[in-house]
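Worksheet: the structure to be examined is printed underneath.
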Amino acid sequence: MLRSLFSGISGLRGHQQMMDVTGNNIANVNTTGYKSSQTVFQDALSQTLRPASAAGANTAATNPAQVGLGVRVAGITANFGQGATQLTGRSTDMLIQGDGFFVVDNAGAQAYTRAGSFAFDAAGRLSTPDGGLVQGWMAANGVVDTNGPVGAVTVDATMYRGFSIGVDGTITGQLADGTTQTVGRLAVANFTNPTGLEKIGGSLYRGTVNSGAVQIGAPGENGTGQLVTNALEMSNVDLGQELTNLIIAQRGFQANSKVISTSDELLQDLMNLKR
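Residue numbers for the sequence shown, in numbering that gives the first Met the number 0: 0 to 274.
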């Protein structure tokens with residue numbers, strides 16, 4: 000009965016974490032570039048009451064007799080499937096159609112995001128709503144060297160009367176005389192194992208030892224997708240599935256609560272036998 004109590008407690012903890020993950024997914028159903036998470040369970044260590052035995056001359060083989068000791072959360076995995084496209088009409092809004100992440104200078108540290116809601120700051124630098132600087136390469140005499148280090152991408156509003164961003168990340172500025180000039184090119188990052196990335200808030204990720212080394216290149220290179228401008232990638236949360244998961248987690252929590260209360264009643268019956 001003590002085993003059933005501990006199993007019930009582990010079930011409560013596990014399903015509470017499942018509800019936490021599901022609730023966070025639902026809360027971010029309209030968050031740009033958000034990727035949903037899923038709780039993965041596995042059974043805990045089992046106690047062996049009797050090991051397996053081989054067949055003898057006059058006896059058959061027997062299977063091991065084991066009692067499980069509950070459940071634990073094996074992991075919380077991210078789903079990096081493509082989210083729905085929402086047209087915005089803003090030239091600085093963009094999404095990656097396929098794999099890859101925008102590269103952002105987050106207070107001096109390199110971070111990565113799928114949320115392409117960008118704007119130019121007072122200095123003409125392409126930035127995130129939180130002030131992170133979108134990274135890329137600036138052109139020198141109209142030529143972009145994508146093998147060099149990345150840096151902030153700047154468009155001088157006094158020099159260009161307009162600009163456009165191509166599917167390959169190339170930023171083209173329109174001069175006052177109507178001619179065009181390559182200003183720079185946006186960078187995108189890719190990882191061997193994107194699910195190994197760590198969320199750091201603000202729709203940003205950072206690399207870990209399990210994500211693999213970052214590969215930075217232009218859109219369409221290193222297995223990355225191309226850019227789509229005037230649009231944003233919305234959350235990939237399936238609200239119907241998440242509401243179903245919420246019910247499943249609730250029922251699992253209730254069932255494990257019943258295991259605990261029933262075990263408690265049995266223990267009380269044992270104590271009453273002594274009277």
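Ideal Cβ positions, reconstructed from N, Cα and C, are used throughout, including at glycine.
Please determine, among the options, the residue with the shortest C-alpha to C-alpha distance to residue i.
i    : options               : result
D19  : I247, N271, G211      : I247
L68  : N271, M270, L1, T191  : L1
P50  : F40, N57, V66, G22    : V66
V133 : N271, V142, A114, S9  : A114
F40  : A175, A26, Q109, G13  : G13
R71  : Q16, D92, F79         : Q16
S116 : G88, I259, W136, G135 : G88
S45  : F79, S256, N29, S6    : S6
G82  : T191, N27, S9         : N27
G165 : G177, D92, D268       : D92
A212 : D176, A254, T191      : T191
Identify, in the order they occur along the chain, each residue of the same chain with its Cβ nearer than 7 Å to the Cβ of residue i, setting aside the five sequence neighbours on each side.
i    : result
A156 : G123
G222 : D98, N189
Q173 : Y159, R160, G161, F162, T179
Contact check, residue i vs residue j under 8 Å by CB: the rounded distance?
i    : j    : result
T169 : T181 : 6 Å
S262 : L4   : 5 Å
Q109 : D167 : Q109 to D167, Cβ: 21 Å. No contact.
L94  : L231 : 6 Å
A175 : R160 : 6 Å
Give every residue of the same chain whose Cβ lies closer than 6 Å to the Cβ of residue i, excluding the five residues on either side of it in the sequence, and list them in chain order.
i    : result
S163 : T171
V142 : none
A77  : K34, S36, T194
Q85  : L231, M233
Contact criterion: CB-CB distance below 8 Å. Does residue i meet it with respect to chain C?
i    : result
L125 : You won't find chain C in this structure, because it holds only one protein chain.
Identify, in the order they occur along the chain, each residue of the same chain with its Cβ nearer than 8 Å to the Cβ of residue i, setting aside the five sequence neighbours on each side.
i    : result
T47  : P63, A64, Q65
L245 : M18, T21, G22, I25
Say whether the region 195-215 touches the region 232-241, bearing in mind that this needs 3 or more beta-carbon pairs closer than 8 Å, one atom from each stretch. no
Flag this pair as touching only if the region 35-42 and the region 53-64 have three or more C-beta atom pairs under 8 Å; answer yes or no. no
For the region 40-114, list the beta strand (DSSP E) runs that are entirely contained and at least 3 residues long, ordered along the chain. 45-49, 64-67, 70-77, 84-86, 93-96, 100-105, 108-112
May I ask you to verify whether the region 98-106 touches the region 133-152, counting CB pairs closer than 8 Å and requiring at least 3? yes
Pairs of beta-carbons, one from the region 205-216 and one from the region 182-196, closer than 8 Å: are there three or more? Below 8 Å, enough C-beta pairs join the region 205-216 and the region 182-196 to call them touching: three or more.
What are the complete alpha helix (DSSP H) segments, minimum 4 residues, inside the region 181-262? Annotation: the region 181-262 contains no complete segment of the alpha helix (DSSP H) (minimum length 4 residues).
What residue ranges within the region 129-154 form continuous beta strand (DSSP E) runs of no fewer than 3 residues, ordered along the chain? 132-137
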